[in-house]
Structure formats: C-alpha cells, structure tokens
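If you're matching positions, the sequence shown starts at 1 in this note's numbering and goes up one per residue. In this text, a Cβ means the ideal position worked out from N, Cα and C, and glycines have one as well. These figures come from a predicted structure and were not determined experimentally. Worksheet for the structure shown next.
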Amino acid sequence: MNKFIFLTMLFIPFVITSCFSPVKTEPQSTYVLNTLPLPHVTPSYRKVALLVMRPEANSLYRTKQMAYTLMPYQIAYYAHNSWAERPSDMLQPLIVKTLQNTRHFYVVLTPASMGHYDYVLNTEIEEFLQNYTDYTHYPGVFYLTVRAQITNMATNKIIATQEFSVSEPIYQETPYAGVAAANTATKKLLRALADFCVRNVG
C-alpha cells in the first residue's frame, strides 16, 4: 500500500507539469509582393505629373489574409500564412516604381506626397486568388485581375479604362508556391499597366 502511495506521489507532478506545458502551434509565415518588371523606358518631352491612388479592392481581398479556393463558389483563407500587408498596400508602391522607371512622367505622385498633377490613375483589385479548381493547370493557378482608369484633371474626364487579367500556374499546392505565382503575375500586370499609362498619357 505504501509503495502504491509512493508511486502515485511521483506520478502526480508529472501529470501536473504535462497539463501546463505550452501547446505547440504552427509558426506564422508572412509573405510580400516585391517583384518589378524590367524597366521599359519611353521618355516624353512633356512635363506630365501623374497621381497614383491607392488601389481599391474587392471586399474579399481587403485583408492581409491569403485567399484560396479548393472548390467552386467557395473562398477560404490560410490559417498560418498571410501577406505582410493588404494587397492594395503592397501593389501601390510597385505601380509607382514601375511608372517612374519608364521615365515617361515628369513626376509620379501618391496622395501622401501630393503636389500638382495632370492625370490620376485609379485601380481596383477585382481578383487576387490562389485557385485550385482549374484542372487545366494542375495543381492550381493564381488569378490577378485589376481594373484601371485614367482621368485628365484639366477636363475632369475619364480618358481611358481597361481591365487586366493575368493567370500564372502554381506548381505546388502550397502557400509559398502561390506566393511565387502571385509575384510573377504581378510583374506581368505592372508591365501591362505601365504600357497602358504611357499609351494614354503624354
């Protein structure tokens, strides 16, 4: 009997320690968009100032959460993988830098550094999604759709509107592979958006 009590007393601290041990959780991974296209230099002799507004976004993508879909009509978000910033906050500085690299504009502004400007570029992110339901591109595709609009401030009229849709294969069914595809798609989008702005301004 005494032996039983002794063993029980030895076992109790182990049980208590086990109960209060920290639960291991999966670490959080955070990713960025930071890929720019090669500069496409198209100088202009006009001193045109362009204001780049912060992109608007579909309500599904107004978050740092990383969106994906495994079945039609369904959107989910990764629990342990996210963007460092909201897609619109990551995209705006990339748009500005890409347009600056064209050397087509006298100055490229944002609302935070606002001065005189001749044209305004508004954009909206309509889709920013890792899609694993498109079986023509196994295991998945990253879809990026952005609508762009340029306004001439002298006339206060919209002079150009275009929707850009880019799809990029995802080569593994992992969040990181989706991030790599997102960066490649963004680079293609930025090149097309820069060409659109150069073509319609100056």
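In the three-state reduction of the DSSP assignment, PRO87 falls in the helix class. Three or more Cβ pairs drawn from the segment 48-68 and the segment 80-95 lie within less than 8 Å of each other, which places the two stretches in contact. Following the DSSP letters along the chain, one finds PHE196 inside the alpha helix (DSSP H) bounded by residues 175-200.
The Cβ atoms of PHE142 and ALA192 lie no closer than 8 Å to each other. In the three-state DSSP reduction, ASN34 falls in the coil class, being neither helix nor strand. With respect to the C-alpha of TYR132, the residue from HIS80, GLN149, THR184 and ALA76 having the closest C-alpha is ALA76.
When beta bridges are read from the DSSP output, SER167 appears opposite TYR143. In this structure, ASN122 and GLN100 do not form a Cβ contact; the two beta carbons are roughly 18 Å apart against a cut-off of 8 Å. Counting along the chain, no beta strand (DSSP E) covers VAL48, and no H or E run does either. For TYR119, the number of other beta carbons within 10 angstroms of its own is at least 16, and it is reported as buried. LEU36 has its alpha-carbon roughly 22 Å from the corresponding atom of GLN65. Using a Cβ distance threshold of 8 Å, VAL41 and ARG103 count as a contacting pair.
Take MET153, set aside five residues on each side of it, and the residues of its chain with a beta-carbon closer than 7 Å to its own are TYR117, ASP118, TYR119 and VAL120, in chain order.
A residue is called buried once 16 or more other Cβ atoms fall within 10 Å of its Cβ, and THR186 is buried on that count. For the options GLU163, VAL107, THR110 and TYR73, the alpha carbon positioned closest to that of LEU190 is the one of GLU163.
For PRO93 and TYR135, the gap between their C-alpha atoms comes out near 34 Å. Burial state of GLY115 is exposed, judged by a 10 Å Cβ sphere holding fewer than 16 other Cβ atoms. In the three-state scheme derived from DSSP, where H, G and I count as helix and E and B as strand, SER44 is classed as coil.
Our two residues, VAL166 and THR110, have alpha carbons roughly 25 Å apart in a direct line.
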